[in-house]
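> Shown below is the structure under consideration.
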Amino acid sequence: TGEDPHLAKGRQSGKSCAPAGAPISGVGITEDTLTGRGGLALFSRYIRTVGIFPHLERLFGPLRKSGKGLPVSVLFHQMFCFLMDGTSRHLVYFDDLRADEGYASGIETTPKQMASSHAIKRFFGAFAWGRIWMFRRLLRWLFLWRLKQSEPRVVLLGLDTMVMDNDEALAREGCQPTYKKVKGFQPLQLTWGPFVIDALFRGGKKNGNAGDMAGNLVRDAVAFIRKHYRQDVAIILRLDAGFFDQKLFRLFEALRIGYICSGKLQDDITDLARGLDPSLWSEYDNGHQLWQYFEFGDRRPSWKPTQWRRAFYTRPVYENEQRLLEFARPDNVIYTNLGQGGPSDALLEAAGHADWTRPERIIELHHGRGRDELVHRALKDFRAEQLPFKRFQANAAFYYTVLVAFLLFEAFKQDVSADVVPSTSQATRVRREVIDFAAKIARTSGQTILKVTAAVWERLRIGELWVRAAHPPPFACA
């Protein structure tokens, strides 16, 4: 029937209990091992069976200076579960968890191996830059792990910065004024679907295209994809106007990747749009919004005389079913190298996506850049943007740990809980529905059994989730 045999055994045991609805006449202490985060057992089982911890030991094991301390893999396991739990953003909460035998049992850890807040702080304080950069290597291999699960013919990437508001902090190294008028940090992040696949942790005053950071980030990612995934895969990059730079465009073209980038509304371009004959405007309807656009070739004064790029001037006709007057339209200009006969066009055609060079499809892809920004919102929902340490290096190590945990969380949603909650759900909903339920940890006949109520068993299909969590696609890191 699919019923948990342990639930059936308890139901048949004949133990008496108070009738439903009876008034509570007192309070007491139980010796049973209970937890209010029963779903953490699923996540704990998932990250253990994925096989990531041996690689964490290999990359970060030297941080452990003495055999008396906890293994690095144990500390990472507890950090990932702490971030998945999300009950508190303060590291002192580890002291409360250390005293909770039910929580320790739920994440498959003995009480003696539970870390204190001081152990966690010492752990992150031990990171030096050479070891911190190992996180980027780990993120790329996790990215490859997910690539091989979906096997896309086109890899659509997004590049953007994410402001982390730490305005309330009294003193944080690298916590600087940002363009959002708050003090904080502004990492540069490369995304693919719901995953952050690479990032550069930076101070708040760094703009999106500071130095060679953006170019180097994309160059490394493209080289990794073509070396370890597929040489002939089409790669398309979406960017906002903060990366509108001739130097970056030349790099992307040299890398043989496509790009779609927001431009800047210069006076000559707006004058061209105002003087254009109405019959030369085309329309694009995505089912919710109607846009007018016209295509033109553009060369900015600072560009090479022979370097022209394809561009689209777009303006919405309606907003929430309300027709916009001409002076109120939020106009935009889009630049791309798609459809200019370059290597990316041939790769798209070979992948069966030749339509990606059409004007309507390019505009649709550009509008989809909002989904890339949703990844940043989901990351902040998974973990509050405030960072706990004063030293920049410790905060960098903590930030990259959050990125690894976030990628594992997104993979967990796809591999385990997608039939219970949609894989597009943010952390708050997943915690409320999949993680936050009561469970009892029972030990009998040499086994440890997680017991839940029949209602939870049926609603969440715990039996199926446990099987999936115990048999995920294996992860490998070179």
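Just so you know, we're using the numbering used here here: the sequence shown kicks off at 44 and counts up by one. Beta carbons are placed, not taken as given, at the ideal position from N, Cα and C, and that holds for glycine. Just so you know, these numbers come straight off a predicted model, no measurement behind them.
For Asp-398, name the three-state secondary structure that DSSP assigns.
Looking at Asp-398 - three-state DSSP - the assignment turns out to be helix.
> Anyone know if the C-beta pair for Glu-453 and Pro-237 falls short of 7 Å?
Closer than 7 Å, so yes.
> Can you give the Cα-Cα distance for Ala-264 and Met-177, rounded to whole angstroms?
Rounded to whole angstroms, Ala-264 to Met-177 spans 15 Å at the Cα level.
> Answer with buried or exposed for Ala-20, where buried requires no fewer than 16 other C-beta atoms within 10 angstroms of its C-beta.
With the chain running from 44 to 521 in the structure shown, residue 20 is simply not present.
> Mark Asn-209 as exposed unless 16 or more other C-beta atoms lie within 10 angstroms of its C-beta, in which case mark it buried.
When all chains shown are included, Asn-209 counts as buried.
> Which ranges would you report for the alpha helix (DSSP H) in the segment 398 to 441 if only whole runs of at least 4 residues count?
Runs found: 402 to 410, 412 to 425.
> Tell me which residue opens and which closes the beta strand (DSSP E) that Pro-359 is part of.
352 to 359 is the extent of the beta strand (DSSP E) around Pro-359.
> Pick helix, strand or coil for Phe-480, following the three-state DSSP scheme.
If DSSP states are grouped into helix, strand and coil, Phe-480 belongs with coil.
> Residues in the same chain with beta-carbon distance under 8 Å from Met-122, minus the five sequence neighbours each way, listed in chain order, please.
Correct list, in chain order: Ile-163, Thr-444, Ala-448.
> Are the Cβ atoms of Ala-277 and Val-197 separated by less than 7 Å?
Going by C-beta atoms, Ala-277 is nearer than 7 Å to Val-197.
> For Asn-329, count neighbouring Cβ atoms within 10 angstroms of its own Cβ and tell me buried if that reaches 16, exposed if not.
It is exposed - the Cβ of Asn-329 has fewer than 16 other Cβ atoms within 10 Å.
> Report the three-state DSSP secondary structure of Ser-131 (helix, strand or coil).
Of the three classes helix, strand and coil, the one that applies to Ser-131 here is coil, per DSSP.
> Using the DSSP secondary-structure output, state which residues sit across from Ile-204 in a beta bridge.
Residue identity check: residue 204 is Thr in the sequence provided, not Ile. Paired residues: Leu-231.
> Which term fits Leu-333, buried or exposed, when burial requires 16 or more other beta carbons within 10 angstroms of its beta carbon?
Answer is exposed; the Cβ neighbour count stays below 16.
> Let me know if His-7 comes out buried or exposed under the rule of 16 or more other beta-carbons within 10 Å of its beta-carbon.
An answer regarding residue 7 cannot be provided, because it is not within the stretch 44 to 521 covered by the chain.
> Our contact map puts Thr-76 next to Gly-145 with C-beta atoms below 8 Å; I'd like the distance itself, whole angstroms only.
That pair is a contact at about 5 Å.
> Between which two residues does the alpha helix (DSSP H) harbouring Trp-188 extend?
Element bounds for Trp-188: 177 to 193.
> Could you tell me the alpha carbon to alpha carbon distance between Leu-231 and Met-205, rounded to whole angstroms?
Answer to the nearest angstrom: the Cα atoms are 7 Å apart.
> Could you check if Gly-247 is buried or exposed, using at least 16 other CB atoms within 10 Å of its CB as the buried criterion?
Under this definition Gly-247 is a buried residue.
> Quick check on the burial criterion: 16 or more other C-beta atoms within 10 angstroms. Buried or exposed for Thr-522?
Within the shown structure, residues of the chain are numbered from 44 to 521, placing residue 522 beyond reach of any answer.
> Reducing DSSP to helix, strand and coil, say where Ile-492 ends up.
The answer is strand: DSSP assigns Ile-492 an E or B state.
> Please list, in chain order, all residues of the same chain as Gln-365 whose beta carbon is under 6 Å from its beta carbon, the five residues on each side excluded.
Caution is warranted here: a pLDDT of 49 is assigned to Gln-365, below 50, making its placement in the model unreliable, and the coordinate value is therefore given only provisionally. Correct list: empty, nothing qualifies.
> Hey, out of Lys-483, Lys-108, Asp-424, Tyr-272, whose CA is closest to Phe-170's CA?
Among Lys-483, Lys-108, Asp-424, Tyr-272, the Cα nearest to that of Phe-170 is on Lys-108.
> Could you give the C-beta distance for Thr-78 and Ile-484, rounded to a whole number, given that I count them as a contact under 8 Å?
7 Å between Cβ atoms; contact.
> Considering Cα atoms alone, identify which of Gly-395, Ala-393, Arg-401 is closest to Gln-383.
Among Gly-395, Ala-393, Arg-401, the Cα nearest to that of Gln-383 belongs to Arg-401.
> Once the 5 residues before and after Gln-469 are set aside, which same chain residues still bring their CB inside 7 Å of it?
The residues are Ala-421, Asp-424.
> Could you name each continuous alpha helix (DSSP H) segment of 4 residues or more that falls completely within the segment 276 to 315, going from the start of the chain to the end?
Listed in chain order, they are 289 to 297.
> For Leu-118, name the three-state secondary structure that DSSP assigns.
If DSSP states are grouped into helix, strand and coil, Leu-118 belongs with the helices.
> Report, in whole angstroms, the separation of the C-beta atoms of Val-239 and Leu-450, which I expect to be a contact under 8 Å.
7 Å between Cβ atoms; contact.
> Nearest CA to the CA of Glu-194: which residue from Ser-466, Ser-488, Ala-394, Trp-172?
The option with the nearest alpha carbon to Glu-194 is Ala-394.
> For Ile-95, tell me which candidate among His-120, His-419, Gly-217, Ile-150 has the shortest Cα-Cα distance.
Here the closest residue by C-alpha is His-120.
> Using the Cα positions of Asp-525 and Ile-150, report the straight-line distance between them to the nearest angstrom.
Summary: the structure shown does not reach residue 525, with the chain confined to residues 44 through 521, and so no result is reported for it.
> Rounded to the nearest angstrom, what separates Asn-250 and Thr-221 at their Cα positions?
So the alpha carbons of these two residues sit roughly 8 Å apart.
> With a cut-off of 8 Å, do at least 3 Cβ pairs link the segment 130 to 143 to the segment 81 to 90?
Counting Cβ pairs under 8 Å, fewer than three are found: no touch.
> From which residue to which residue does the beta strand (DSSP E) around Leu-143 run?
The sequence shown places Asp at residue 143, not Leu. Run containing Asp-143: none; DSSP gives neither H nor E here.
> Just the C-alpha distance for Val-117 and Val-463, rounded to the nearest angstrom, thanks.
Computed Cα separation, rounded: 29 Å.
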